[in-house]
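Novice: Going left to right, the first sequence walks through residues 1 to 863 as full-length UniProt numbering numbers them.
Note that the Cβ used here is the ideal one computed from N, Cα and C, for glycine as well.
From a predicted model like this one, the values you see are computed outputs, not experimental measurements.
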Amino acid sequence: MELIITEKENAARRIAEILSDGAATAERENGVNVYRWGTKRCMGLSGHVVGVDFPPEYSDWRDVEPAELVAADVVKSATQENIVATLRKLARRADEATIATDYDREGELIGKEAYELIREETDVPVDRVRFSSITDREVREAFANPDEIDFDLAAAGEARQVIDLVWGAALTRFLSLSARQLGDDFISVGRVQSPTLKLIVDREREIQAFDPEDYWEIFGDLQGDDAAFEAQYFYDDDGSEAERVWDEATAESVYEDLAALDAATVTSVRERTRTDAPPEPFNTTAFISAAGSLGYSAQRAMSLAEELYTAGYMTYPRTDNTVYPEDLEPDELLDEFVGSSTFGEDAESLLEQDEIVPTEGDEETTDHPPIHPTGELPPRGELDDDEWEIYELVVRRFFATVAEPAKWAHLRVVAEAAGHSLKANGKRLLEPGYHAVYPYSSASENVVPAVSEGDALTMSDVSLDAKQTQPPRRYGQSRLIKKMEDFGLGTKSTRHNTIEKLYDRGYIEGDPPRPTTLAEAVVEAAEEFADRIVSEEMTAQMEADMSAIASGEATLDEVTAESREMLDRVFEELADSREEVGDYLQESLKADKTLGPCPECGEDLLVRRSRQGSYFVGCDGFPECRFTLPLPSTGEPQVLDDSCEDHGLNHVKMLAGRDTFVHGCPRCEAEKADETDDEVIGACPECGEGAAPEEQRGEGGDSEAQSASDHSSGQSPREETAEAHGGKLAIKRLRSGSRLVGCTRYPDCEYSLPLPRNGDIVVGEDRCAEHDLPEISIVDDEDDDDPWELGCPICNYAEYQARNAIDDLEDLNGIGGATAEKLAAVGIDEPADLRAVEPDEIAANVQGVSASQIEDWQAELAD
DNA sequence: GCAAGGTC
């Protein structure tokens, strides 16, 4: 038997398809697909299936001095047990094996990891094939000419693993221990994340240090026979043209000269044609950037791309390549779109061009082809709005890369008055070229009417605008990813994750990201004691070392030994400063959590976390001072810069993904609740008059109202409330800021239904026939839309739960919105329901859902 | 529980 190993499941399937001419069949082994045809077996790994770590005796942070990690062994162990087991099992039966992992450094290492696992089972020959895109021709060619594993290249990757682990773990533990941050909130540093954080912190420093400068600009409206346009004053500044006037007196005098006149003479008209080349094919960075301008975060863009890739609609989204492979036939790919209602016309117009020559970028790599559509079109309704928008972006980008350049006419008009010059620049699209198929890049025109040299124009509305220079702008996510790419930080697969990690670790907030006080302190501490870890040079040096290993000029041991010596010296320096660094980090951590003065003792109020994990506001004077305020139960609190005028407390924002909201001043919120009376709206269905004996509680586990901190104590009253106790339902406002419909017998009766956080709650006249509760509407004075007719709160909550159930289903990987609805129609409306079904039975009853798909979902649920 | 790199 001949065994073929690929880097991922998808590649295994496609390679099996190609080599078997479509005859391969799939078998499940240990939850892993194994493709078979003839005497061949092909399986996919899931990237690295083994990982590096320290031996277990180093795992307790408090027992081990961080510096000891420098000399500690680094061992490999399986991280994907089922895949490793399958690989071993197949290896035992194999007569030969072929490594077909990705054609890049990390792929070579992943291949070597598979090789070592095979070697533990058998000594059959193992060879290596390399191809940069999974196309019929490339794959066949590669398998016809097998090569050997490049152990030096793999060793280069191993050096990276060791150095990253040792530096990252040792310094992370050192900082965390010194600041006594051992829980979830440890303080991390690493070769990639820390220089990235420094980029953000350095930018913030520039912004802080920025000293704005005053300048003035002068504009005037010019008018010819039938044309008017705005022109700007400019002057010659040492041979270059300048518009900004830095001296107020000069600006005033020019302004007065011009304002006194009502005519100007055209002294020059220049028209030039400019070619606007179509964009290059998408690599990961360019794709993230384009998706970013459509409003997607880097992480979101990648996860949508991943879905479209898995569904077969576009190629692999993680690539550095910007040159299409030779065997991509643009006209054949365009042909696939002919007849599509969205893309058909554009595809046809592109096919009419005399010649179809795709653009290419500077990066030509062997990893994967640039991102492009596969030519398989998603059926209507299969994609949700976001998926579709990203898909369309990828299709149109491909269209743009095979389209003609655009042509612009640039027109520049200069006029003179009182010895001063004014100019106007216009541009007009002569030939739309690629803009016709790619509407994302700006094609806006700025027309300056045709005038001729010597024309006399009237001048009016001369204005003098006082302006100030602006600080540099914060880096947005895609700008940051580009910077990382420029510095060689991270890879196409990890950059967006690194940024996400900085958010998770409490180093950055908001979008564009802004560093926290903690981030500034970590960067400062590192700059002083371990400059290497915050410098992009560590990566540059490592790249050089890796090249040396790959070319045989250095060895893995030499490189890692040298790196360990360097880290030893860092720890020597750090030894005396442990407390100083720790205190500084602790202070900064506190600064990020401080709200303002405690009304009872004057110490600082801080955001704290209870033992149960919920957040609240507590006093730094604890335990002497026991003042507290509640916070909402959803999300992570973030202290904002602005503060409350009444209490001097900073406002708080609750970060909870899409449900993020500004809570405001916690003292104001608590006082509002104290001042608001409960409004009774009807009987409690659980313990009020006419309560049904069977239980019919609103029992949303996640509902904010249910878990709101000051409304959840007391034992379950279930048993005793099956009968009527005269409980009534009332609209309540909690001190944490949330609002709900709850029983007046709370805490004896815990019945509650959530209400929205914002807007005025208006209780209507009409009552729900089923529940005898008033119809409620929510009026938001900040938006002019019609009020939200929430209706009967019980009915509303039931609908809300049903919607959530469908969302949960959709969240299961691979279940699209349309499919989730079909499943819901046969009574499967939450993931748990899927566990119980017979795959074949559902497949027979629900169109478009296969039994194997259901098996996959069930396997996923089982994890 | 630490990193960064694969992949899902």
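Which residue marks the beginning of the beta strand (DSSP E) containing L595, and which one marks its end?
Specialist: Along the first sequence, read from residue 1 onward, the residue named residue 595 stands at position 595. From DSSP, the beta strand (DSSP E) with L595 extends over 594–597.
Novice: Ends of the beta strand (DSSP E) at L605?
Specialist: Within the first sequence, the letter at position 605 stands for residue 605. L605 -> beta strand (DSSP E) spans 604–609.
Novice: For T267, collect the residues of the same chain with a Cβ closer than 6 angstroms to its Cβ; drop the 5 residues on either side in sequence, then sort them by chain order.
Specialist: The count along the first sequence starts at 1 and reaches residue 267 at position 267. Cβ neighbours of T267 beyond the five flanking positions: V414, E416.
Novice: How close, in whole Å, do the beta carbons of T322 and P405 come, if the pair is a contact with beta carbons under 8 angstroms?
Specialist: By 1-based counting over the first sequence, the position of residue 322 is 322. By 1-based counting over the first sequence, the position of residue 405 is 405. Rounded, the Cβ-Cβ distance is 17 angstroms, inconsistent with contact.
Novice: Use the C-beta contact count for S194: other C-beta atoms within 10 angstroms, 16 or more gives buried, fewer gives exposed.
Specialist: Residue mapping note: residue 194 aligns to position 194 of the first sequence, counting from 1. Classification for S194: buried.
Novice: Whole-angstrom Cβ separation of M302 and Y391, contact assumed at under 8 angstroms?
Specialist: Locating residue 302 in the first sequence gives position 302, where the first residue counts as 1. Locating residue 391 in the first sequence gives position 391, where the first residue counts as 1. Not a contact, Cβ separation roughly 14 angstroms.
Novice: Within the continuous beta strand (DSSP E) that includes H410, where are the two ends?
Specialist: Locating residue 410 in the first sequence gives position 410, counting from the first residue. Taken as a continuous stretch (DSSP letters only), the beta strand (DSSP E) holding H410 covers 406–417.
Novice: Which residue comes first and which comes last in the beta strand (DSSP E) that contains T265?
Specialist: On the first sequence, position 265 is the one that residue 265 refers to. Unbroken beta strand (DSSP E) run through T265: 263–276.
Novice: For L464, which of helix, strand or coil comes out of DSSP?
Specialist: Your numbering for residue 464 matches position 464 in the first sequence. Of the three classes helix, strand and coil, the one that applies to L464 here is strand, per DSSP.
Novice: Opposite C619 in the DSSP bridges: which residues?
Specialist: Reading the first sequence from its first residue, position 619 is the one you call residue 619. L605.
Novice: Let me know the secondary structure DSSP gives Q715 once reduced to three states.
Specialist: The sequence position of residue 715 within the first sequence is 715, counting from 1. In this prediction, Q715 scores a pLDDT of 42, lower than 50, which makes its location untrustworthy; the coordinate-derived value is nonetheless stated afterwards. In the structure shown, Q715 sits in coil (DSSP, three-state: anything other than H, G, I, E or B).
Novice: If you draw a straight line from the alpha carbon of G381 to that of G183, how long is it in whole angstroms?
Specialist: To locate residue 381, count along the first sequence from 1; it is residue 381. To locate residue 183, count along the first sequence from 1; it is residue 183. Distance between the alpha carbons of G381 and G183: 45 angstroms.
Novice: Within 10 angstroms of the Cβ of Q468, are there 16 or more other Cβ atoms? Answer buried if so, exposed if not.
Specialist: Walking along the first sequence from the start, residue 468 turns up at place 468. Exposed, because fewer than 16 other Cβ atoms sit within 10 Å of the Cβ of Q468.
Novice: Compare the beta carbon distance of I99 and I149 with 9 angstroms and say whether it is the shorter of the two.
Specialist: One-based indexing of the first sequence puts residue 99 at position 99. One-based indexing of the first sequence puts residue 149 at position 149. Yes; because the gap between Cβ atoms is below 9 angstroms, this pair is in contact.
Novice: Between K593 and the rest of its own chain, which residues show a CB-CB distance below 7 angstroms, the 5 nearest in sequence each way excluded?
Specialist: Translated into positions along the first sequence, residue 593 becomes position 593. Result list for K593: L606, V607, V639, in chain order.
Novice: For R505, which residues of its own chain have a beta-carbon under 7 angstroms away from its beta-carbon, when the five flanking residues on both sides are left out?
Specialist: Numbered from its first residue, the first sequence carries residue 505 at position 505. Hits under 7 angstroms: S188.
Novice: Looking at the secondary structure, which residues open and close the alpha helix (DSSP H) in which C668 lies?
Specialist: In the first sequence, counting from the first residue as 1, residue 668 sits at position 668. Where C668 is concerned, the enclosing alpha helix (DSSP H) stretches over 666–675.
Novice: Taking the alpha-carbon of G476 as reference, which of L631, E524, I508 has the nearest alpha-carbon?
Specialist: Translated into positions along the first sequence, residue 476 becomes position 476. The shortest C-alpha separation from G476 is found at I508.
Novice: Classify A769 as helix, strand or coil using the three-state DSSP reduction.
Specialist: In the first sequence, the residue the question calls residue 769 occupies position 769. Here DSSP, grouped into helix, strand and coil, assigns A769 to coil.
Novice: Starting from V753, follow the alpha helix (DSSP H) in both directions and report where the run begins and ends.
Specialist: Translated into positions along the first sequence, residue 753 becomes position 753. With the sequence shown as reference, residue 753 is identified as Leu, and Val is not the correct amino acid for it. Premise fails: L753 lies in the beta strand (DSSP E), 752–755, not in any alpha helix (DSSP H).
Novice: What residues in its chain sit with their C-beta under 8 angstroms from that of L610, if we drop five residues either side in the sequence?
Specialist: Walking along the first sequence from the start, residue 610 turns up at place 610. Checking the sequence, you will find Ser at residue 610 rather than Leu. Cβ neighbours of S610 beyond the five flanking positions: F616.
Novice: For R479 versus I207, is the C-beta distance shorter than 9 angstroms?
Specialist: Translated into the one-based positions of the first sequence, residue 479 becomes position 479. Translated into the one-based positions of the first sequence, residue 207 becomes position 207. No, these two residues do not count as a Cβ contact at 9 angstroms.
Novice: From which residue to which residue does the beta strand (DSSP E) around T628 run?
Specialist: Translated into the one-based positions of the first sequence, residue 628 becomes position 628. Note, T628: beta strand (DSSP E), 628–630.
Novice: Go through its chain and collect everything with a Cβ distance to G701's Cβ below 7 angstroms, but skip five positions before and after it.
Specialist: For the purposes of this step, residue 701 is taken as the residue at position 701 of the first sequence. Summary for G701: the model assigns pLDDT 39, below 50, so the residue's position carries little reliability, and this model does not support an answer.
Novice: Could you give the DSSP three-state label for D236: helix, strand or coil?
Specialist: Taking the first sequence and counting its residues from 1, one reaches residue 236 at position 236. Three-state result, D236: strand.
Novice: Tell me which residue opens and which closes the alpha helix (DSSP H) that S178 is part of.
Specialist: Locating residue 178 in the first sequence gives position 178, counting from the first residue. Start and end: 151–178.
Novice: Tell me whether R62 is buried or exposed, calling it buried when 16 or more other Cβ atoms sit within 10 Å of its Cβ.
Specialist: Within the first sequence, residue 62 is the residue found at index 62, counting from 1. Its Cβ having fewer than 16 others within 10 Å, R62 is exposed.
Novice: Using a 10 Å radius around the Cβ and a threshold of 16 neighbouring Cβ atoms, would you call L773 buried or exposed?
Specialist: Taking the first sequence and counting its residues from 1, the one referred to as residue 773 is at position 773. That one is buried.
Novice: For E364, I'd like the list of residues in its chain whose CB is within less than 8 angstroms of its CB, leaving aside the five on either flank, ordered along the chain.
Specialist: Translated into positions along the first sequence, residue 364 becomes position 364. Within the same chain, N321, T322, V323 come within 8 angstroms of E364 by CB-CB distance, once the 5 residues on both sides are set aside.
Novice: If we ignore side chains and look at the alpha-carbon of each, how far apart do E667 and I533 end up?
Specialist: Counting from 1 along the first sequence, the entry for residue 667 is found at position 667. Counting from 1 along the first sequence, the entry for residue 533 is found at position 533. In the sequence as displayed, the identity of residue 667 is Arg instead of Glu. If I take the Cα positions, the gap works out to 42 angstroms.
Novice: How big is the Cα-Cα spacing for D829 and E799?
Specialist: Translated into positions along the first sequence, residue 829 becomes position 829. Translated into positions along the first sequence, residue 799 becomes position 799. Straight-line Cα distance between these residues: approximately 13 angstroms.
Novice: What separation, rounded to the nearest whole angstrom, lies between the Cα atoms of D95 and D152?
Specialist: Counting from one through the first sequence, the residue named residue 95 turns up at place 95. Counting from one through the first sequence, the residue named residue 152 turns up at place 152. Cα-Cα distance, rounded: 25 angstroms.
Novice: With a threshold of 6 angstroms on Cβ separation, who are the neighbours of A16 within its own chain once the five nearest residues in sequence on each side are excluded?
Specialist: Here residue 16 corresponds to residue number 16 of the first sequence, with the count starting at 1. A24, Y35, C42.
Novice: Which one of R397, R428, F219 has the shortest CA to CA distance from Y438?
Specialist: Translated into the one-based positions of the first sequence, residue 438 becomes position 438. It is R397.
Novice: Where do the N-terminal and C-terminal ends of the beta strand (DSSP E) with R28 fall, by residue?
Specialist: Taking the first sequence and counting its residues from 1, one reaches residue 28 at position 28. Looking at the DSSP string, the run of the beta strand (DSSP E) that includes R28 is 25–29.
Novice: Determine contact between the region 790–797 and the region 757–775, defined as no fewer than three beta-carbon pairs at a distance below 8 angstroms.
Specialist: yes
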